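K.L.:
First the structure, which I've put down as structure tokens, then a few questions once you've had a look.
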Amino acid sequence: MAEQHATHPPVTGTTASPTAESIGQRVQSMPTKPAQWPPVRAHHRAHQEWPPQTETPAATRAPLLTAKDLEGQVTVNNQPVEVIDCPQGEAGDGKRGFCLQDAVDLEQNNDEYACFLSRVRSNAVLARVDLSKTYRQQDPEIISLVCRKTAVDLPYFGKNRFPGYWATREALKQYIKNQRKYQTRLSKAVVSGRKFKNSRRFSGPQPAYVSDGEGNKRFEDPSGDEDLVGLGGNSNAVAGPSGHQYDDEQDQGEFW
């Protein structure tokens, strides 16, 4: 029995399993830990700032803008824009106001200024501004809509250059005022035209007409100076200096 056990090789502890051997090789292949390992916070901060920022030479650095340099300026598409403040007074008032074209810095560009006024008028019509009301009586939402639409159509008149869209508001204020004046004159002209139509055209004695027996009617001036001849059988027709016939009813139909 002892001889049978002796034929097998003895099991010793020097023989390592494959798993342990592979683990040992991996441990040996790992880099050694440096003597001074950075703290955990610094390690994470280094990863957050990756890639490392290189120092820019002082000669190539851009000058820093101060608060004084940025005063009165904003940026549109990373471009500085000069802010134009609203002058004192009201646009269009020659005594105590200001000239809007000069205030918006377009005194040398009449075409662009005319385009601006035209666009304000068209946007006011699209927004349905009530011309029966004054500017102060208008709906603030409608005025804001006109200002924002004008700024989209003409970026020069944006809120960045003209705070509160004051240029568009002044143009809209002038437009409403002019339209209200025009409607007042128009209504007065209509009333005056009706009164003129109902009044007698000739203040002196009216000429009487007589028939010449051939179907024509002849007007005789009561003063006896000159006959006013009108042909065609129309009792209201009066011949002018050039022989043209004027119809009293047709001439007074419309005031303009």
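For the sequence shown, the working numbering gives the first residue as 68, with consecutive numbering after it.
Using N, Cα and C, we set each Cβ at its ideal position, and we do this for glycine too.
Note that this is a predicted model, so its numbers are computed, not measured.
At what residues does the alpha helix (DSSP H) containing glutamine 168 begin and finish?
P.N.:
It spans 167-170 - the alpha helix (DSSP H) in which glutamine 168 sits, taken as one unbroken run.
K.L.:
Taking the runs of the alpha helix (DSSP H) that are 4 residues or longer, which of them lie wholly in the stretch 174-245?
P.N.:
If we require 4 residues or more, the alpha helix (DSSP H) runs fully inside the stretch 174-245 come out as 177-193, 207-220.
K.L.:
Excluding five sequence neighbours on each side, which residues of the same chain lie with their C-beta closer than 7 Å to the C-beta of arginine 191?
P.N.:
What sits at residue 191 in the sequence shown is alanine, not arginine. Answer for alanine 191: Val213, Leu239, Tyr242, listed in chain order.
K.L.:
What is the C-beta distance between aspartate 152 and proline 230, in whole angstroms, given that I count them as a contact (C-beta under 8 Å)?
P.N.:
Indeed they touch by this definition, with Cβ atoms about 7 Å apart.
K.L.:
Does DSSP put valine 258 in a helix, a strand or coil?
P.N.:
Residue state, collapsed to three classes: helix.
K.L.:
Note down, in chain order, each residue of its chain lying with its Cβ closer than 7 Å to the Cβ of leucine 184, except the 5 sequence neighbours on either side.
P.N.:
Result list for leucine 184: Ala238, in chain order.
K.L.:
Would you identify the three-state DSSP class for glycine 159, choosing helix, strand or coil?
P.N.:
Residue state, collapsed to three classes: coil.
K.L.:
Would you kindly work out how many angstroms separate the C-alpha atoms of arginine 228 and asparagine 176, rounded to a whole number?
P.N.:
Between arginine 228 and asparagine 176, the C-alpha separation is close to 17 Å.
K.L.:
Output the distance between the C-alpha atoms of glutamine 168 and arginine 203, rounded to the nearest integer angstrom.
P.N.:
Roughly 23 Å between the two C-alpha positions.
K.L.:
Expressed to the nearest angstrom, what Euclidean distance is found between the alpha-carbon atoms of serine 254 and lysine 248?
P.N.:
Approximately 10 Å between the Cα atoms of the pair.
K.L.:
If contacts are defined as beta-carbon pairs under 8 Å, then isoleucine 210 and arginine 236 qualify, I think. What distance do you get, rounded to the angstrom?
P.N.:
Going by Cβ atoms, the distance from isoleucine 210 to arginine 236 rounds to 7 Å, so yes, they are a contact pair.
K.L.:
Buried or exposed for glycine 156, going by 16 or more other Cβ atoms inside 10 Å?
P.N.:
When all chains shown are included, glycine 156 counts as exposed.
K.L.:
Using a Cβ-Cβ cutoff of less than 7 Å, which residues in the same chain neighbour arginine 186 once the five nearest sequence positions on both sides are dropped?
P.N.:
Hits under 7 Å: Thr217, Asp220, Leu221.
K.L.:
In its own chain, which residues sit with a C-beta less than 8 Å from the C-beta of arginine 195, not counting the 5 before and 5 after it?
P.N.:
Only Ile209 meet the Cβ criterion.
K.L.:
Between the alpha carbons of arginine 252 and proline 154, how many angstroms are there, rounded?
P.N.:
Whole-angstrom Cα-Cα distance: 31 Å.
K.L.:
For chain D, find out if any of its Cβ atoms is closer than 8 Å to the Cβ of arginine 186; answer yes or no.
P.N.:
This model lacks chain D altogether; it includes just one protein chain.
K.L.:
Run the CB neighbour count on glutamine 250, radius 10 Å, all protein chains shown included, and call it buried at 16 or more, exposed below.
P.N.:
Its Cβ having fewer than 16 others within 10 Å, glutamine 250 is exposed.
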